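So the structure is just underneath, and the comments pick up after that.
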Amino acid sequence: MTSPPKDNAAALARARPRLRSVGVTGTNGKTTTTSMVASIVAAAGEVAARATTLGTWVGDRQTSDQVTLDAFRTLVDEAVERGVRTLAVETTSHSLAGGFARVWPVDVAVFTNLTRDHLNVHGSPEAYLAAKAQLFMAVPSGGAVVWNLADPCSVLMDGLVPSEVTRLGYVVGDVHPDCAALPVSLRATQVQSGLEGTRFEV
0 MTSPPKDNAA ALARARPRLR SVGVTGTNGK TTTTSMVASI VAAAGEVAAR
50 ATTLGTWVGD RQTSDQVTLD AFRTLVDEAV ERGVRTLAVE TTSHSLAGGF
100 ARVWPVDVAV FTNLTRDHLN VHGSPEAYLA AKAQLFMAVP SGGAVVWNLA
150 DPCSVLMDGL VPSEVTRLGY VVGDVHPDCA ALPVSLRATQ VQSGLEGTRF
200 EV
């Protein structure tokens, strides 16, 4: 998604209070995590909307296969019209660098991981991290951030998040030493993967 035109920005600003939004960013796992959030909401008996790099959906109905701000606005409009309460959004570094988080600040921001990628777009690892950080810096008071405690970038971005935002942390295995001061809310151990799925202890 590119920088938002003023008409889209105004329409989205009016609609945003009617939806609770979960934004997911990172180098890997964004689409999967965003879809998992929507599936969890559906398992709780509610219809969820979601936007990923594969398109947009309200419940099981795909509303667009495009990744544009117009498609996102159409998704939001339909979600509000249908009384949907939860929207899961995959947020790429491209969209964040273009100002998406200023127009659509999410209530819960999730970080998956960060590796060297998209340097042809952002120019440096620092600029890439700065683009990702926009999602977390925009979380409003009363919102929450969810950190991957195996990635030291979590603690770098945590310092940019307002103090009134709730911090949650998850990790598979061991916490990175740099993240030791962050709260551990969920830890998975004894992970076993096979043809029948994945088993682990929490």
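The sequence shown begins at 0 in numbering that gives the first Met the number 0 and counts up by one.
Where is the CB? At the ideal position from N, CA and C, for every residue including glycine.
None of the values given here were measured: they were computed from a predicted structure.
Collapsed DSSP secondary structure at residue i in the structure displayed
i	result
residue 1	The pLDDT assigned to residue 1 is 45, lower than 50, so where the model puts this residue is not dependable; a value taken from the coordinates is nonetheless given after this. Reduced to three states, the DSSP call for residue 1 is coil.
residue 153	helix
residue 125	helix
residue 84	coil
residue 75	helix
residue 23	strand
residue 50	strand
residue 174	coil
residue 194	coil
residue 120	helix
residue 187	strand
residue 167	strand
For residue i, the first and last residue of its enclosing alpha helix (DSSP H)
i	result
residue 105	Careful: residue 105 lies outside any alpha helix (DSSP H) and carries neither H nor E.
residue 143	It is not in any alpha helix (DSSP H) - residue 143 instead sits in the beta strand (DSSP E) that spans 143-147.
residue 92	92-96
Opening and closing residue of the beta strand (DSSP E) in which residue i lies
i	result
residue 36	Careful: residue 36 lies outside any beta strand (DSSP E), inside the alpha helix (DSSP H) at 29-42.
residue 63	60-63
Selected residue, minimal CA-CA separation from residue i, among the options
i	options	result
residue 148	176, 50 and 62	176
residue 184	146, 79 and 76	146
residue 99	28, 15, 157 and 198	15
residue 130	158, 91, 144 and 21	91
residue 104	93, 110 and 88	88
residue 76	39, 50 and 161	50
residue 126	113, 137 and 17	113
residue 8	61, 162 and 102	102
residue 155	172, 191 and 135	135
residue 218	10, 13, 12 and 19	There is no way to answer for residue 218, as the model of the chain reaches only from 0 to 201.
residue 111	170, 123, 12 and 60	170
Paired residues, beta bridge with residue i - DSSP
i	result
residue 138	In DSSP, residue 138 forms no bridge with anything.
residue 109	23 and 145
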